[in-house]
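Q:
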Amino acid sequence: MYKFLTLIMLLIINGCSSVTSNEVIKLDSQSITTVSPKIIEAKLEQTPFDIWERIRLELTLVIPQDQIAATSIYRERLYKNQSAVNRISKSGQRYLHHTLTRAEELGLPVELALLPFVE
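Residues in the sequence shown are numbered from 0 upward in steps of one, following numbering that gives the first Met the number 0.
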């Protein structure tokens, strides 16, 4: 029985290996055309990853010239006291994203999203 199965397996393997195709297809070089790919440039709008960068890009508030001196006092105070800015930012951060998104949806100035930051 073992010899019979071995003989059948050898015949199958030999039969599969001896099948060859003798047909050769000849193509004219003129019948083959090449097509150059078209390059399409797409502009991707990159949204900033950082929420502060989003706010910075969309600020629309213009400070009048006569108020710049008055606001510079507060700006300098915040520059010098970074720990206070970090503390205020931490207390308002859980609402800042939601108010920023909602202000953008409604078409309101982004400065309104800073209200949780100062409250």
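Glycine residues also receive a C-beta, built at the ideal position from the N, C-alpha and C atoms.
Note that this is a predicted model, so its numbers are computed, not measured.
#1: Under a three-way DSSP split, which group does G91 fall into?
#2: Check whether the stretch 57-72 touches the stretch 96-110, counting contact only when three or more Cβ pairs, one atom from each stretch, lie closer than 8 Å.
#3: Whole-angstrom Cβ separation of I50 and L99, contact assumed at under 8 Å?
#4: According to DSSP, is N80 part of a helix, a strand, or is it coil?
#5: Does DSSP classify D65 as helix, strand or coil?
A: According to the data block:
#1: Start at 1 with the first residue of the sequence shown, and residue 91 comes out as number 92. In this structure, G91 counts as helix in the three-state DSSP scheme.
#2: With a cut-off of 8 Å, the stretch 96-110 and the stretch 57-72 count as touching, because enough Cβ pairs lie within range.
#3: Translated into positions along the sequence shown, residue 50 becomes position 51. Translated into positions along the sequence shown, residue 99 becomes position 100. About 6 Å separates the two Cβ atoms, so the contact holds.
#4: Residue numbering aside, residue 80 sits at position 81 when the sequence shown is read from its first letter. It is coil, neither helix nor strand.
#5: As a first step, residue 65 is located in the sequence shown; it is residue number 66 there, counting from the start. Of the three classes helix, strand and coil, the one that applies to D65 here is helix, per DSSP.
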